[in-house]
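Enquirer:
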Amino acid sequence: MQRIYEYLDGALTREDITEIKTHLDECPECTEQYDLECVIRNMVKRSCTEAAPENLKNAILDRIHSIRPVDA
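1 is the number of the first residue of the sequence shown in UniProt numbering; add one for each residue after it.
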């Protein structure tokens, strides 16, 4: 699994990339895991580009202050 993460992160040598590609071509289980990781990464990437509502910061700060009032 670690090698799949390194492959997805582009943290491998050319030789390692070739080895991983060959393995993925021959191993349905690893290919399935690789595909799942790709889907998860894409979902996270899309989620991180969505803007938070304008009032979110104020709502969080209000909640913090209601739990832990600021000393006067």
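Ideal Cβ placement from N, Cα and C applies to all residues, glycine included.
Quick one: grab the DSSP three-state call for residue 59.
Expert: Of the three classes helix, strand and coil, the one that applies to residue 59 here is helix, per DSSP.
Enquirer: Using a Cβ distance threshold of 8 Å, determine whether the stretch 48 to 61 contacts the stretch 21 to 31, with at least three qualifying pairs required.
Expert: In short, these stretches do not touch, since the Cβ pair count stays below three.
Enquirer: Across the stretch 29 to 46 and the stretch 54 to 65, are there enough close Cβ pairs to call them in contact, namely three or more that are closer than 8 Å?
Expert: The answer is no - the stretch 54 to 65 does not touch the stretch 29 to 46, with fewer than three Cβ pairs under 8 Å.
Enquirer: So, helix, strand or coil for residue 43, using DSSP?
Expert: Residue 43 falls in the helix class under three-state DSSP.
Enquirer: State the Cα-Cα distance for the pair residue 4 and residue 66, rounded to the nearest angstrom.
Expert: Roughly 45 Å separates the two Cα atoms.
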